[in-house]
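Here is the structure we will look at, set down as structure tokens.
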Amino acid sequence: MTRFIGRKPELAALTQQFEQVVSRTAEGRAGRAVLIRGRRRVGKSRLVEEFIEHSGVPSVYFTAVGGSREADLAAFVKDVVHSDLPGASVVADLATPQSWDAAFQALVTVLPTDVPSIVVMDEVPYVVRQDPSFEGVLQRTFDRVLVHRPVLLVLVGSDLAMMEQLDAYGRPFHQRGTELVVPPLSPKDVAHLTDLDAAEAFDAYLVTGGLPLVLDEWRAGDTMWDFLESALTRTTSALIVSGERALAAEFPTEAQARTVLGVIGHGERTFTTIGRSAGDLHAASLKRALDLLTQRRAVAADRPLSTKASRETRYRVADPYLRFWLSFIGSNLPLLERGRGDLVLDAIRTSWSSWRGRAIEPVIRESLLRLHGEPLVDSSGTIGGYWTRTNDPEVDLVGADRGPTARSITFVGSIKWHETAPFGDHDLARLVVHRSQVPGADETTPLLAVSRTGSSARGVRTITPEELLDAW
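The opening residue of the sequence shown carries number 488 in this note's numbering; numbering runs sequentially from there.
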């Protein structure tokens, strides 16, 4: 089993909900629901298992597999029978339910009325897709029965958009549950697990995406290159297999969307170049694929941040691990299967500096937004970048009161994420020129530098990797 680290806020949130169930057990109307969502393989199930273990109360844990409605109904009852709910074995004598209404009735017969319990339904989006009536049945069961029992109902799913929709206005389960988002492990968690310094921990984050299964294979103290050399020699390593499994689960039938995602993963960023590299896709087909990818949160669509509206959208893979996997692992699977991980490692070494330069940008922007006590950041409602169709200029950091069209620009900045060269006078001079080209900025707009190796330039606030890591 993977090491369990971090997740204190998420465990605290679940514990708080459970304590409300416990405190109201004798009063009635103790039942509560939590809707947990997060990307695949970020550790949602492990989090819930850890929470159940700490709670020490009877529970049942069901995981939908997405095969068929009938198979999931049978599996649900089987999980109830083999749970530690009081008298759960009596459900074995009941006929296999033919509907979720009947399945929930079977559950209700063994749910205790005088002590708290926990019911977990994992991969709920599979169930919703197979049975359009499920949400209505769930709502009715919760309102009529579960809310009157001392039970915490935990609904878990990896389809982010669908899990959000479960609680959307107009849907049956609207406002009946508390939402909980489980993100990947943070860069600070990664630093703790790998025992690396701040700059190297961010490199590790770009490779692993904060996925616990991948990080569990990282020996503390190993450099990124040590880890890659080891992982690329094993075709069963989590670094290699997690990407394909995630794509197969997320896009089982959407071949065109997967093709477009692969093109974006290889570095294409604009609508035109993505369509061309994806086989000269028709504009309407490409738009459908991009809409699906952004809806599923696999791709982020960024626009230039300034006081001038722009339609120069750029697309990027949202998940750092998947971005790395698509760039270096997915297209090299044949080499890896032939035992030539050394060639893949050489390819990563060759492209690493330029690839990392782009991949680190959204991570740094997110880190800056978490950096409290920094005046330039505290005055910013959002942080992005600025570019034009010709990429002249291309500005790494722009702070503003709002986005994507701002009322005011709070700062303009540059990212220099090199191994040895600090942010210098030449970089500062270039940043001053870029500031004059950002709509809404002028000579009074503050400047900011983020540098992996510090700064030799005077007169500009420079933020270090250590400060960025502490922000998490």
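Every residue gets a Cβ at the ideal spot worked out from N, C-alpha and C, and that includes glycine. Since we're looking at a predicted model, the values are computed, not measured.
Note on K795: under 16 other CB atoms within 10 angstroms of its CB, so exposed under the neighbour-count rule. Between the C-alpha atoms of T596 and F491 there is a straight-line separation of about 34 Å. Within the same chain, Cβ atoms closer than 6 Å to the Cβ of A928 are found at I896, V899, R922, the five residues on either side in sequence being excluded.
L598 carries a coil assignment under DSSP once its states are collapsed to helix, strand and coil. Contact annotation: F538 and W587 have beta-carbon atoms that are not nearer than 8 Å. Restricting attention to beta strand (DSSP E) runs no shorter than 3 residues, the segment 852-930 encloses them at 869-874, 881-887, 896-903, ordered along the chain. Per DSSP, the unbroken alpha helix (DSSP H) holding F629 starts and ends at 621-631. Linking D914 to Q924 through their CA atoms gives a straight-line distance of about 16 Å. Per DSSP, reduced to three states, the secondary structure at F549 is strand. The beta-carbon separation of R519 and V508, rounded to 5 Å, stays under the 8 Å limit for a contact.
Going by DSSP, R519 is part of no alpha helix (DSSP H) but of the beta strand (DSSP E) stretching over 519-524. Going by C-alpha positions, G644 is about 7 Å away from G525. Distance from the CA of V615 to the CA of G553, rounded to the nearest whole angstrom, comes to 10 Å.
In chain order, I761, S764 place their CB closer than 6 Å to the CB of E755, counting only its own chain and leaving out the 5 sequence neighbours on each side.
Sequence-distant Cβ neighbours of A908 in its own chain, meaning closer than 7 Å and more than five residues away, are T940. Inter-residue distance for P891 and G872 is about 10 Å (C-alpha atoms, whole angstroms). Judged by DSSP secondary structure, I605 falls within the beta strand (DSSP E) whose first and last residues are 604-609. L522 sits away from P545, with the two beta carbons spaced by 8 Å or more.
For T665, the uninterrupted beta strand (DSSP E) run begins and ends at 665-668, by DSSP. Within the model, the alpha-carbon separation for R852 versus K531 is close to 25 Å. For D676, the enclosing alpha helix (DSSP H) covers residues 674-681.
Using a Cβ-Cβ distance cut-off of 8 Å, the segment 619-634 and the segment 655-670 are in contact, since at least three pairs of beta carbons, one from each stretch, lie closer than that value.
For S938, the enclosing beta strand (DSSP E) begins and ends at 934-938. For the options W904, F815, L813, E824, the alpha carbon positioned closest to that of R843 is the one of W904.
Between the segment 597-610 and the segment 638-652, the count of C-beta pairs closer than 8 Å reaches three or more; the two stretches touch. Here V947 has F910, L915, L918, L934, L935, A936 as same chain residues with Cβ atoms under 8 Å from its own Cβ, once five neighbours each way along the sequence are excluded. Cα atoms of V750 and Y692: separation of roughly 22 Å, rounded to the nearest angstrom. Three or more beta-carbon pairs separated by less than 8 Å link the segment 788-805 to the segment 856-876, which places the two stretches in contact. In the three-state DSSP reduction, I847 falls in the helix class (H, G or I). Residue pairing by DSSP places L640 opposite A520, V606 in a beta bridge.
For G696, same chain residues with a beta-carbon under 6 Å away, outside a window of 5 residues either side, are P671, D806, P807, Y808 in chain order. For D559, the enclosing alpha helix (DSSP H) has its first and last residue at 556-568.
Taking 8 Å as the upper bound for CB-CB distance, P584 and A575 are not in contact here, some 15 Å apart. Residue A736 holds the alpha-carbon nearest to the alpha-carbon of A785 among L594, P496, A736. Counting only runs that start and end inside the segment 738-821, the alpha helix (DSSP H) elements of at least 4 residues fall at 742-752, 758-764, 770-782, 807-811. With a contact defined as Cβ atoms closer than 8 Å, D559 and Q617 qualify at about 7 Å.
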